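Colleague: Pasting in a structure now, in structure tokens, and then I'll have a few things to ask.
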Amino acid sequence: DKMHTHLVVTDDYFEASKHVKGMTEEMVATPADSLDTLDVDLTEEFDQKTTKVQNYTTRLFRPHADLAKRYVESWENGSQKELLGRMVSSLWNGVPLTLAWECKNKWEEWIFKRER
């Protein structure tokens, strides 16, 4: 059995109180007697909107979720440990200093070419 969502718009206090009493006591929809009362069942529209929002949210966050999943897997399968090992090895071998020295030399070369 599906739960229904109703929107009741009325200026009539009697109609509003009758509807609220019917919904709280009997948990069934109470038909409107007054001509100036509008009762709309929003259940189907809410179901459609909920589905659209779920699909949009899934589509929006899927790349982030996949990235997070692959990141966790990289720690589990050891590839992160391997990467960190290579970085530490490069640091110990002085690769950053060598790279900095090469950049300095290249900048000097460009400056001297520009001054000529």
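Heads up: the sequence shown runs through residues 23 to 138, numbered per our numbering.
Ideal placement from N, C-alpha and C gives every residue a C-beta, glycine not left out.
Remember, predicted model here, so these are calculated numbers, not experimental data.
1) Buried or exposed, going by whether 16 or more other CB atoms sit within 10 Å of the CB of Glu37?
2) Drop a sphere of 10 angstroms on the beta-carbon of Lys40, count the other beta-carbons inside from all chains shown, and report buried for 16 or more, exposed for fewer.
3) When you compare only the Cα positions, how much space is there between Gly116 and Ile133?
4) Under three-state DSSP, which class holds Asn127?
5) Ends of the alpha helix (DSSP H) at Arg138?
6) List the endpoints of the continuous alpha helix (DSSP H) containing Gly19.
7) Whole-angstrom Cβ separation of Gln102 and Ser111, contact assumed at under 8 Å?
Modeller: So, to answer that:
1) Label assigned to Glu37: buried.
2) When all chains shown are included, Lys40 counts as buried.
3) So the two alpha carbons sit approximately 26 Å from each other.
4) Under the three-state reduction of DSSP output, Asn127 falls in the helix class.
5) Unbroken run through Arg138: none, as it is neither H nor E.
6) Given a span of 23 to 138 for the chain in the structure shown, any question on residue 19 remains unanswerable.
7) Actually they do not touch by this definition, with Cβ atoms about 15 Å apart.
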